[in-house]
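Q: Per the working numbering, numbering of the sequence shown is gapless, rising by one per residue and ending at 87. Glycine included, C-beta positions come from ideal geometry on N, C-alpha and C. Pasting a structure here, questions to come.
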Amino acid sequence: MGIPGELKNPNLRAAYESTAKACKAHGKILGVGGIRGDVEQVAELVKIGARFVIAGSDVRYLIKSARHEVAALRKAT
Numbered sequence: 011m012g013i014p015g016e017l018k019n020p021n022l023r024a025a026y027e028s029t030a031k032a033c034k035a036h037g038k039i040l041g042v043g044g045i046r047g048d049v050e051q052v053a054e055l056v057k058i059g060a061r062f063v064i065a066g067s068d069v070r071y072l073i074k075s076a077r078h079e080v081a082a083l084r085k086a087t
C-alpha cells in the first residue's frame with residue numbers, strides 16, 4: 011500500500027474493513043498483527059470483527075517485567 015508504519019492511515023482502515031467483511035461472508039476469523047500499545051486501535055479492530063490481534067510480544071513483556079523487578083530491587087537496597 012506504500013504506507014509503512016502509518017497504522018492510522020484511512021486507506022489501511024478501509025482495507026481492514028473490507029477484509030473484515032470478506033472474513034464474515036466466508037466464515038473466517040479476522041486476525042491482525044503489529045498493533046503495538048494502541049488500545050484504542052485494537053478496540054476499533056475488534057469492533058469491526060477482529061478476533062485475533064497481536065498487540066505485544068513475549069520479549070516485550072519479559073523485558074517490562076525484568077525492568078520492574080530491577081527497579082524494585084534497587085529501591086529495596
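Need the endpoints of the alpha helix (DSSP H) that R77 sits in, please.
A: As a first step, residue 77 must be located in the sequence shown, where it is residue number 67. Here the alpha helix (DSSP H) through R77 covers 68 to 86.
Q: Tell me V42's beta-bridge partners as DSSP assigns them.
A: Here residue 42 is taken as the residue at index 32 of the sequence shown, counted from 1. Per DSSP, V63.
Q: Quick check: the Cα distance between G37 and S28, rounded to an integer number of angstroms?
A: Your numbering for residue 37 matches position 27 in the sequence shown. Your numbering for residue 28 matches position 18 in the sequence shown. Whole-angstrom Cα-Cα distance: 14 Å.
Q: Could you say which of A32, I45, A35 lies nearest to K18 if we only look at CA atoms?
A: Numbered from 1 along the sequence shown, position 8 holds the residue referred to as residue 18. Ranking A32, I45, A35 by Cα distance to K18 puts I45 first.
Q: Quick check: the Cα distance between V63 and L40, rounded to an integer number of angstroms?
A: Working through the sequence shown from its first residue, we reach residue 63 at position 53. Working through the sequence shown from its first residue, we reach residue 40 at position 30. Going from the Cα of V63 to the Cα of L40 covers about 9 Å.
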